[in-house]
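Scroll down for the structure; my scribbles are underneath it.
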Amino acid sequence: MAERETSIQIEIPEGFAGDRLDRALAALAPHLSRERLKSLLKAGAVSSSTGPERQPSRKVRAGERFVLAVPQPVPDKAQPQDIPLAIAFEDDHLIVVDKPAGLVVHPAAGNPDGTLVNALLHHCGGSLSGIGGVTRPGIVHRIDKDTSGLLVAAKTAHAHMGLAAQFAAHSVGRRYFAAVRGRPSPPSGRVEGNIGRSPKNRKKMAVLEDGRGKPAVTHYETVDIFEEAALVRCRLETGRTHQVRVHMAAKGNPLLGDPLYGGRGGKGVTRLLSQLGFRRQALHAASLQFLHPETQENLSFESPLPGDMQELVAALSRS
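Written out as structure tokens, the structure is:
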């Protein structure tokens with residue numbers, strides 16, 4: 001039986017004229033990874049009015065139209081698993097979940113199952129958008145394993161495209177609560193700096209200069225102040241890997257408990273984290289706002305601090 005496909009149509013805007021085909025497609029279909037696009041081109045799954053396109057470097061013209069035949073996920077790559085989900089919203093097009101800390105979003109090396117994707121496949125009965133590929137069906141964005149909070153997944157290709165376009169345009173509202181080392185100075189402000197893979201440690205991201213990395217902007221405000229720490233609210237203007245963690249660390253206020261970016265804090269905070277058994281970055285995706293890709297309704301969701309962060313904040317206020 002032939003593999004089911006999702007057909008994605010892309011028209012090249014004026015501003016992309018003269019760009020390489022692979023770069024233009026990557027910018028206009030941000031929900032598809034660069035490697036995914038390369039494999040589609042190689043397989044002849046990208047076509048124009050003249051037929052299949054296989055040359056990533058060929059220049060595109062304004063108004064030119066391309067059709068991407070994206071295979072649906074292979075069923076045996078990610079299996080449904082009965083993992084409890086906290087659901088904030090669900091309809092026929094999308095689902096918003098409140099992810100607990102410790103749950104990986106999608107299967108990858110070292111985490112082949114037991115992920116949010118496995119849970120969604122079980123809950124949704126296979127009705128997830130396949131645009132994300134065999135290991136990431138329905139996934140439009142992600143939050144780190146040890147970050148808790150709100151995340152939206154798509155059930156249909158149209159919803160996936162609409163949500164991905166909003167994330168690419170930075171029009172999705174995302175706010176996080178973070179407990180950080182020290183007291184941010186000034187107490188509120190803006191952190192701006194390109195983020196990319198650290199040249200010193202490939203497991204880390206870093207603020208990079210000389211035009212490297214991707215532009216990133218984080219707005220923060222101090223909500224509460226403690227002896228050696230503070231609770232801050234961060235609003236993402238962009239959404240890069242580890243963005244809040246990297247930007248606050250670069251500012252000198254790394255997240256408490258963060259094993260990668262130096263959030264152990266002073267002796268008092270270190271002792272407190274140990275006493276509480278708090279072993280993750282103190283970061284929670286507390287709010288999410290976007291336009292419903294089908295109804296165009298403005299949706300807004302809030303998630304309270306999870307128990308472990310409430311306990312941490314209460315202990316910090318007493319210390």
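Quick note: the sequence shown uses full-length UniProt numbering, first residue 1, plus one each step.
From the three backbone atoms N, C-alpha and C, an ideal C-beta is built for every residue, glycine too.
Where residue i and residue j are concerned, what is the direct C-alpha to C-alpha distance, given to the nearest angstrom?
i, j, result
"Met1", "Pro71", "Caution applies to Met1, whose pLDDT of 35 falls short of 50 and renders its modelled position unreliable; the value that the coordinates give is listed next. Straight-line Cα distance between these residues: approximately 13 angstroms."
"Lys267", "Leu276", "14 angstroms"
"Glu302", "Pro186", "27 angstroms"
"Ser274", "Leu256", "12 angstroms"
"Ala164", "Pro80", "24 angstroms"
"Asp224", "Ala230", "6 angstroms"
"Met309", "Thr147", "11 angstroms"
"Ala157", "Arg271", "48 angstroms"
"Gln166", "Val140", "10 angstroms"
"Glu90", "Gly130", "18 angstroms"
"Val152", "Leu316", "32 angstroms"
"Gly132", "Lys42", "18 angstroms"
Of all the CB atoms in chain B, is at least one closer than 8 angstroms to the CB of residue i?
i, result
"Ile195", "Here chain B cannot be found, since the structure has a single protein chain."
In this structure, how does DSSP classify residue i when only helix, strand and coil are distinguished?
i, result
"Ala314", "helix"
"Lys214", "strand"
"Asp224", "strand"
"Asp22", "helix"
"Arg58", "coil"
"Ser39", "helix"
"Leu288", "strand"
"Gly307", "helix"
"Arg190", "strand"
"Arg34", "helix"
"Ala29", "coil"
"Glu64", "coil"
"Gly51", "strand"
"Thr196", "According to the sequence displayed, residue 196 carries Gly and not Thr. Three-state DSSP puts Gly196 in a strand."
"Glu14", "helix"
"residue 326", "The structure shown does not extend to residue 326, since the chain is modelled only from 1 to 319, so the question has no answer here."
"Leu236", "strand"
"Ala78", "coil"
"Gly9", "Reading off the sequence shown, one finds Gln at residue 9, where the question assumed Gly. Strand at Gln9."
Leaving aside the five residues before and after residue i along the sequence, list all residues of the same chain whose C-beta is less than 7 angstroms from its C-beta, in chain order.
i, result
"Thr238", "His170, Pro215, Ala216 and Val217"
"Gly15", "none"
"Ser198", "Lys204, Met205 and Ala206"
"Val232", "Ala178, Val180, Pro184, Tyr220, Glu221, Thr222 and Val223"
Output needed for residue i: all residues of its chain with C-beta closer than 8 angstroms, excluding positions within five of it in sequence on either side, in chain order.
i, result
"Leu40", "Leu32, Val46, Leu68, Ala69 and Val70"
"Pro254", "Val180, Arg181, Arg245, Met248, Tyr261, Gly262 and Gly263"
"Lys203", "Leu260"
"Ser300", "Gly173, Ser287, Leu288 and Gln289"
"Pro84", "Ala119"
"Gly196", "Met205, Ala206, Leu208, Arg212, Gly213 and Lys214"
Please work out which residues of its chain come closer than 6 angstroms, Cβ to Cβ, to residue i, disregarding the five sequence neighbours upstream and downstream, and give them in chain order.
i, result
"Arg20", "Ser57"
"Arg190", "His219"
"Lys251", "Val191"
If residue i sits next to residue j, beta carbons under 8 angstroms apart, how far is it from one beta carbon to the other, in whole angstroms?
i, j, result
"Val117", "Ala78", "5 angstroms"
"Asp82", "His122", "5 angstroms"
"Ala29", "Ile12", "No, Ala29 and Ile12 are not in contact; Cβ-Cβ is about 12 angstroms, not under 8 angstroms."
"Ala17", "Val60", "7 angstroms"
Practice item. Within the region 241 to 284, note down every full alpha helix (DSSP H) run reaching 4 residues or more, in order along the chain. Key: List check, alpha helix (DSSP H) in window: 243 to 250 and 267 to 276.
Exercise for review: Quick one: which unbroken alpha helix (DSSP H) runs of 4-plus residues sit fully inside the region 98 to 172? Chain order, please.
Suggested key: Note on the region 98 to 172: whole alpha helix (DSSP H) runs with a minimum of 4 residues are 116 to 124 and 157 to 168, in chain order.
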